[in-house]
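What follows is a set of notes on a single structure, which appears directly below.
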Amino acid sequence: MKPVVILVGADKGGVGKTTIARTLLDYLAARNTSARAFDSEFPRGALKRFHPNVTEIVDLETAADQIKVIDTLSSSDVKVSVVDVRAGLLLDTLKTFAEVGFFDLVNAGEFNFILFHVLGPSIASLEEIAEIRPYNDGRDYLLVKNFINETSFFEWNPELRKRYSKLAKEAVEVTITKLNEMAFEHAELAGVPFSAFVANKTMDGQPANNSLVLRGYVRSWMNQVTSEYDRIGLIDRLSDRGVTSRAA
Amino acid sequence: MVTSLHGRAGKTLLARALVDYFILSGGRLYIFDTDAVERGLHVLFPSAAHVVDLAIVRDQMALFDTLANPSSEMRVVDVAHHSLTKFFELLRNTDFILEAQSHDIIPVIFYIPDGKADSFEAGIVLRDGFPDCRFIVVENDFFKEPKRNVREGSAYKELRAHKQRFVMPKLVEGVVDALEDRNLSISDFMRQPILSSGETLVPSRLPDIPDIGVELRGWVFRIFQEIHRVITGLAPNDGHPNPITGA
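Just so you know, the sequences run in chain order A and B. The numbering of the first sequence is this note's numbering, which starts it at 1 and goes up by one. The numbering of the second sequence is this note's numbering, which starts it at 1001 and goes up by one.
So, in structure tokens, the structure goes:
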């Protein structure tokens, strides 16, 4: 399998980008696909707390760390790299990757590239889609609507809805339903992957003391997320097998 | 879990009898009332019964996390008819039954059909939806025999044929009045000595009806006998000892 980079980014914070990255790591593990992760919330990290063994904290604004990510793509045994891009840095990160020739290598068939663009409900998101599109010509561009806080995504404004539909034409929409806040908070506090929270285990596999009810909420939510990732054929997209459905 | 599709089916009365039976058995118990408005069971056991509003996540946790807790208490839940759907949705989504069974907790549904067709249909849906729960059909003869079209329905026939049953003893008017007193504790009443006349020391709060003490005691004996029969008949599925009888 070719090395593949999954970039998870957003134009602003608070849209659930790290949450999405966490679900990706759980999903890939459940599908027996080894993955490593780069957490660009330098220096403290956000993702690393939940998946410490597979996550490295990087500062993608420095050349050294850009090299660390890209240069190790071919050499690493682990073929899938999930990059949790710092909020607001998505466009800059894409520009940087372009500058160092990453996209040339993708076009040459050396690597695969999938972009999870986690949307916010504001107009700024729309503008970002417009700017990001050129980087995603012909590649897997996944627009993620993460329904935290009962957000609505442009549905209420016909003008914005039209703009969004046009921009999103070649993208694939991924819908993540709302997870109950208390369940999310407890899962966060537990500091373990969602799958471990549901299994009621601590990070080192010991029995934990999580609420049965909250575990149920997280389990149902993870089932919904899993069916979405199944529906878009994420595993096939990793190895380029979903080529014909790029515009789906 | 004491359940019915409609209100006024006798749920709280049955739940109350179960609680008093377990109190007299000397056990500790968890008591939950899911009717946040009427609080019928809570009114009868104000210090022991917890009211939970299933619309609130924190209350859902108080209920189901406790019910699944590995400990030896008996657990009685009065499932308000208007929270029936929500209760079983949560039961399913939390995978409660699996967790309960892993802690040797036996889930039992007492279902009280009334005379209406949908009440029989709901009973079948419940029974079939949770095959890992013991399901006991409660006969409450307060309800007249349903209309013929209902009796000809498959749901009615299936529930009538269901083997595990619980028969609520007939209630005469004096006993109904006595039981309506929220300050009457059945377990306290049953602990009172019986006089040679067969009467108990009649607390002044009992209705002024001849032999009311005898009638009430008789009713309680009958319902306790029925509870005992049903509870001791709940054989665990997996060879573990029955937590009540130790067998």
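Using N, Cα and C, we set each Cβ at its ideal position, and we do this for glycine too. Since we're looking at a predicted model, the values are computed, not measured.
At a cut-off of 8 Å between beta-carbon atoms, Met222 (chain A) makes no contact with chain B. Rounded to whole angstroms, the gap between the alpha carbons of Asn136 (chain A) and Ala168 (chain A) is 12 Å. With respect to the C-alpha of Val213 (chain A), the residue from B:Glu1173, B:Glu1089, B:Val1079 having the closest C-alpha is B:Glu1089. The beta-carbon separation of Gly16 (chain A) and Asn146 (chain A), rounded to 4 Å, stays under the 8 Å limit for a contact. The DSSP assignment places 1134 to 1140, 1165 to 1168 as complete runs of the beta strand (DSSP E) inside the stretch 1111 to 1181 of chain B, in order along the chain (cut-off: 3 residues).
With a cutoff of 8 Å on beta-carbon distance, Val8 (chain A) and Val80 (chain A) are scored as not near each other. Buried is the label assigned to Ser211 (chain A), since at least 16 other Cβ atoms lie within 10 Å of its Cβ.
Only residues of its own chain outside the window of five on either side were considered, and among them Ile1031, Asp1033, Leu1041, His1042 have a CB closer than 6 Å to the CB of Ala1049 (chain B), listed in chain order. Taking a beta-carbon distance threshold of 8 Å, Val213 (chain A) counts as an interface residue toward chain B. Considering only beta carbons, no part of the stretch 27 to 60 of chain A lies closer than 9 Å to chain B.
Under the Cβ distance rule, Met1 (chain A) does not count among the residues neighbouring chain B, no pair being separated by less than 8 Å.
With a threshold of 16 other beta carbon atoms within 10 Å, Gly216 (chain A) meets it and is buried. The beta-carbon of Thr1094 (chain B) is placed less than 8 Å from the nearest beta-carbon of chain A. At least one CB of chain B lies nearer than 8 Å to the CB of Asn180 (chain A).
Look at the stretch 1044 to 1059 of chain B: the residues with a C-beta under 9 Å from a C-beta of chain A are Val1057, Arg1058. Put simply, of B:Ala1017, B:Val1057, B:Phe1022 the residue whose alpha carbon is nearest the alpha carbon of His186 (chain A) is B:Val1057. For Ala10 (chain A), the number of other beta carbons within 10 angstroms of its own is at least 16, and it is reported as buried. Put simply, the backbone Cα of Leu91 (chain A) is about 26 Å away from that of Pro52 (chain A).
Burial state of Gly1027 (chain B) is exposed, judged by a 10 Å Cβ sphere holding fewer than 16 other Cβ atoms. For the stretch 1059 to 1070 of chain B, the residues whose beta carbon sits under 7 Å from a beta carbon of chain A are, in order, Gln1060, Met1061, Phe1064, Asp1065, Ala1068. For Leu73 (chain A), the closest of A:Ser220, A:Ala196, A:Lys2, A:Ser227 by C-alpha to C-alpha distance is A:Lys2. A Cβ-Cβ distance of about 5 Å is found for the pair Asp1114 (chain B) and Ala1009 (chain B), placing them in contact under the 8 Å criterion.
Cβ-Cβ distances below 7 Å link Gln1060 (chain B) to Leu1054, Leu1090 in the same chain, with the five nearest sequence neighbours on each side left out; the list follows chain order. By the 16-neighbour rule on beta-carbons within 10 angstroms, Lys162 (chain A) is exposed. In the three-state reduction of the DSSP assignment, Asp59 (chain A) falls in the coil class.
DSSP places Glu127 (chain A) within a helical segment (H, G or I) once states are collapsed to three.
Interface flag for Gly216 (chain A) against chain B is set, since a Cβ pair is found closer than 8 Å.
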